[in-house]
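Participant: Provided herewith is a single structure, encoded as structure tokens, for subsequent inquiry.
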Amino acid sequence: MSSGIRCIVKGRVQGVFFRATTRRKATELGLHGCVSNLPDGSVEVIAWGEPRSLQALETWLWQGPPAAQVNEVQCTQLDREVHDCSGDIAF
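Following this line, the structure appears as structure tokens:
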């Protein structure tokens with residue numbers, strides 16, 4: 000069964016290849032979705048796939064790429080019918 004999550008990642012997460020490495024990790028996990036920089040300096044990740052893979056991505060978001068410093072990750076469940084994925088980088 001496919002599920003969806005929306006995560007907001009806060010900290011030093013822009014300008015450190017966070018979006019590119021998130022796309023790489025999500026693709027490795029068999030997920031699809033998008034990742035975007037937000038005006039407040041955070042990053043939004045929207046991902047769809049198997050619950051176990053979504054949990055693995057959420058865990059990885061706390062680490063991110065080597066140059067990132069993640070302070071907070073807030074994830075919520077999504078309903079595909081009511082949420083659009085129009086981020087900067089699709090995966």
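Residue numbers (numbering that gives the first Met the number 0): 0 to 90. Where is the CB? At the ideal position from N, CA and C, for every residue including glycine.
#1: Using a Cβ-Cβ cut-off of 7 Å (strictly less than) and excluding sequence neighbours within five positions of arginine 22, which residues of its own chain qualify?
#2: Once you ignore the five residues that flank arginine 5 on each side, which residues in its own chain have a CB closer than 6 Å to its CB?
#3: Under three-state DSSP, which class holds glutamate 49?
#4: Going along the chain, which residues of its own chain have a beta-carbon closer than 7 Å to the beta-carbon of arginine 11, five neighbours each way excluded?
#5: By alpha-carbon positions, which one of Pro38, Ala25 and Thr26 ends up nearest to glycine 14?
Facilitator: Reading off the structure:
#1: In the sequence shown, counting from the first residue as 1, residue 22 sits at position 23. Excluding residues within five positions, the ones whose Cβ falls inside 7 Å are Val34, Ile88 and Phe90.
#2: Sequence index remark: in the sequence shown, residue 5 carries index 6 (1-based). Closer than 6 Å at the Cβ level, and outside the excluded window around arginine 5, lie Ile45, Thr75 and Leu77.
#3: Here the question's residue 49 lines up with position 50 in the sequence shown. If DSSP states are grouped into helix, strand and coil, glutamate 49 belongs with coil.
#4: Taking the first residue of the sequence shown as position 1, residue 11 is located at position 12. Cβ neighbours of arginine 11 beyond the five flanking positions: Ala67 and Gln68.
#5: Residue 14 sits at position 15 when you count from the first residue of the sequence shown. Closest option to glycine 14, Cα to Cα, is Pro38.
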